[in-house]
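Asks: I have a structure I would like to understand better, so I am pasting it below and will then ask my questions one at a time.
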Amino acid sequence: GENVEQHPSTLSVQEGDSAVIKCTYSDSASNYFPWYKQELGKRPQLIIDIRSNVGEKKDQRIAVTLNKTAKHFSLHITETQPEDSAVYFCAAPGGQNFVFGPGTRLSVLP
Amino acid sequence: KAGVTQTPRYLIKTRGQQVTLSCSPISGHRSVSWYQQTPGQGLQFLFEYFSETQRNKGNFPGRFSGRQFSNSRSEMNVSTLELGDSALYLCASSLDPVVRASNTGELFFGEGSRLTVL
Chain L
7 GENVEQHPST
17 LSVQEGDSAV
27 IKCTYSDSAS
37 NYFPWYKQEL
47 GKRPQLIIDI
57 RSNVGEKKDQ
67 RIAVTLNKTA
77 KHFSLHITET
87 QPEDSAVYFC
97 AAPGGQNFVF
107 GPGTRLSVLP
Chain F
24 KAGVTQTPRY
34 LIKTRGQQVT
44 LSCSPISGHR
54 SVSWYQQTPG
64 QGLQFLFEYF
74 SETQRNKGNF
84 PGRFSGRQFS
94 NSRSEMNVST
104 LELGDSALYL
114 CASSLDPVVR
124 ASNTGELFFG
134 EGSRLTVL
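So the protein sequences, as listed, match chains L and F.
Okay, so the first sequence: first residue is 7 according to the numbering used here, each after it adds one.
Okay, so the second sequence: first residue is 24 according to the numbering used here, each after it adds one.
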């Protein structure tokens with residue numbers, strides 16, 4: 007089955023700097039990769055996703071890149087702001103359910 | 024459009040008891056998945072229901088069970104509670120079920136039911 011690893015587990019950046027979170031997956035047949043953001047005490051929400059027919063997708067300050075050969079995808083957040091502080095989860099569709107990475111706790115320091 | 028609703032939001036039980044959690048998906052969504060969230064373990068898949076049928080089950084003991092009703096509402100039950108069952112239980116709905124490797128459907132999560140077992 008699918009196995010998803012995520013690094014780093016915690017990340018602290020200064021406000022205005024960039025943050026990068028990387029995930030690797032094991033099932034070469036997977037072709038859809040979402041990222042979810044979970045603010046403290048709130049539900050996870052989809053922030054961006056990418057399908058395997060593209061290598062990069064951007065939405066304002068966030069972007070996701072995909073390397074199918076190496077089986078990894080990354081979340082990039084530029085010009086970080088305090089409201090970006092949250093736990094971020096990557097996921098991949100394994101079997102008949104999504105498999106989530108263990109999460110990255112991002113702290114944006116003022 | 025109302026979001027995913029989970030009840031109860033918080034509950035405290037003692038070891039050996041059982042608990043039932045409820046999830047009402049977004050109107051029109053036919054697939055409901057359940058996840059257990061604990062610190063350090065992330066989101067662990069419990070099971071998924073579609074059209075009242077359990078399609079897939081995660082690596083959890085038989086004490087964890089669920090069902091889905093004809094209106095797509097779902098319940099999960101945990102019997103003989105253990106201390107380690109303390110967690111946030113999240114329900115997520117989507118239009119269609121996850122299809123291996125190619126699903127592109129967004130999961131809409133509820134706020135979760137926080138279970139504490141004493």
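Glycine is no exception: its CB is placed at the ideal position from the N, C-alpha and C atoms.
Just so it is clear, the structure is predicted and the values come from calculations on it, not from any experiment.
1. Using a cut-off of 8 angstroms between C-beta atoms, extract the partners of L:Pro108 located in chain F.
2. Does any residue of chain F bring its CB to less than 9 angstroms from the CB of L:Val105?
3. Starting from L:Ala35, follow its DSSP beta bridges and name the residues at the other end.
4. Have a look at L:His13, L:Phe39, L:Leu112 and flag the residue whose alpha-carbon is nearest the alpha-carbon of L:Ala97.
5. Once you ignore the five residues that flank L:Gly22 on each side, which residues in its own chain have a CB closer than 7 angstroms to its CB?
6. Could you give the first and the last residue of the continuous beta strand (DSSP E) run that contains L:Ala98?
7. For L:Pro14, go through chain F and note every residue whose CB falls closer than 8 angstroms to its CB, in chain order.
8. Kindly indicate if chain F contains any beta-carbon less than 9 angstroms away from that of L:Gly101.
9. Could you check the C-alpha separation between F:Ala124 and L:Ala35 for me, to the nearest Å?
10. Tell me the rounded alpha-carbon separation between L:Arg67 and L:Ile54.
11. If I measure Cβ to Cβ from F:Ser45 and keep anything under 6 angstroms in the same chain, skipping five residues before and after, which residues do I get?
12. Would you report the Cα separation of L:Asn17 and F:Gln64, rounded to the nearest angstrom?
13. Assign L:Leu52 to one of three DSSP states: helix, strand, or coil.
14. For L:Gln94 and chain F, any beta-carbon pair shorter than 9 angstroms?
15. Check the Cβ of L:Arg111 against every Cβ in chain F and list those closer than 9 angstroms, keeping chain order.
16. For F:Ser93, which option in F:Cys114, F:Ser54, F:Pro62, F:Leu130 has the closest C-alpha, if you only look at C-alpha atoms?
17. Is the shortest distance between the beta-carbon of F:Val121 and the beta-carbons of chain L less than 9 angstroms?
18. Pull up the DSSP beta-bridge partners for F:Ile200, would you.
19. Could you tell me whether any Cβ in chain L is nearer than 9 angstroms to the Cβ of F:Val27?
20. For the beta strand (DSSP E) that L:Val70 lies in, which residues bound it at each end?
Replies: Considering the structure as presented:
1. To locate residue 108 of chain L, count along the first sequence from 1; it is residue 102. Correct list: Gly63, Gln64, Gly65.
2. Counting from one through the first sequence, the residue named residue 105 of chain L turns up at place 99. So, interface residue.
3. As a working note, residue 35 of chain L is residue 29 in the first sequence. DSSP, once it has assigned bridges, lists no residue as partnering L:Ala35.
4. What you label residue 97 of chain L is simply residue 91 of the first sequence in a count that begins at 1. It is L:Phe39.
5. Within the first sequence, numbered from 1, the residue matching residue 22 of chain L stands at position 16. Excluding positions up to five away in sequence, the list reads Glu85, Thr86.
6. Translated into the one-based positions of the first sequence, residue 98 of chain L becomes position 92. For L:Ala98, the enclosing beta strand (DSSP E) stretches over residues 92 to 100.
7. Your numbering for residue 14 of chain L matches position 8 in the first sequence. Residues of chain F with a Cβ closer than 8 angstroms to the Cβ of L:Pro14 do not exist, since the nearest Cβ in that chain sits about 14 angstroms away.
8. Counting from one through the first sequence, the residue named residue 101 of chain L turns up at place 95. True, the Cβ-Cβ gap to chain F drops below 9 angstroms.
9. Along the second sequence, read from residue 1 onward, the residue named residue 124 of chain F stands at position 101. Along the first sequence, read from residue 1 onward, the residue named residue 35 of chain L stands at position 29. With a pLDDT of 48 at F:Ala124, under the threshold of 50, the modelled position of that residue is not reliable, and no figure is offered here.
10. Position 61 of the first sequence, counted from the start, is the residue given in the question as residue 67 of chain L. Position 48 of the first sequence, counted from the start, is the residue given in the question as residue 54 of chain L. The straight-line gap from Cα to Cα measures roughly 11 angstroms.
11. Along the second sequence, read from residue 1 onward, the residue named residue 45 of chain F stands at position 22. Within the same chain, F:Ser45 has close Cβ partners Thr30, Glu98.
12. By one-based count along the first sequence, residue 17 of chain L stands at place 11. By one-based count along the second sequence, residue 64 of chain F stands at place 41. Correcting the residue identity first, residue 17 of chain L is Leu in this sequence and not Asn. Answer to the nearest angstrom: the Cα atoms are 17 angstroms apart.
13. For the purposes of this step, residue 52 of chain L is taken as the residue at position 46 of the first sequence. Residue state, collapsed to three classes: strand.
14. By one-based count along the first sequence, residue 94 of chain L stands at place 88. Looking at the sequence provided, one finds Tyr at residue 94 of chain L rather than Gln. No, no contact with chain F.
15. For the purposes of this step, residue 111 of chain L is identified with residue 105 of the first sequence, where counting begins at 1. The contacting residues do not exist; L:Arg111 stays about 10 angstroms from chain F at best.
16. The residue given as residue 93 of chain F occupies position 70 in the second sequence. When only C-alpha atoms are compared, the closest one is F:Ser54.
17. Mapped onto the second sequence, residue 121 of chain F falls at position 98. Taking Cβ atoms only, chain L reaches closer than 9 angstroms to F:Val121, which makes this a yes.
18. Residue 200 of chain F cannot be examined here, being either before or after the span of chain F that is shown, 24 to 141.
19. Working through the second sequence from its first residue, we reach residue 27 of chain F at position 4. Output row for F:Val27: interface = yes.
20. Working through the first sequence from its first residue, we reach residue 70 of chain L at position 64. Note, L:Val70: beta strand (DSSP E), 68 to 73.
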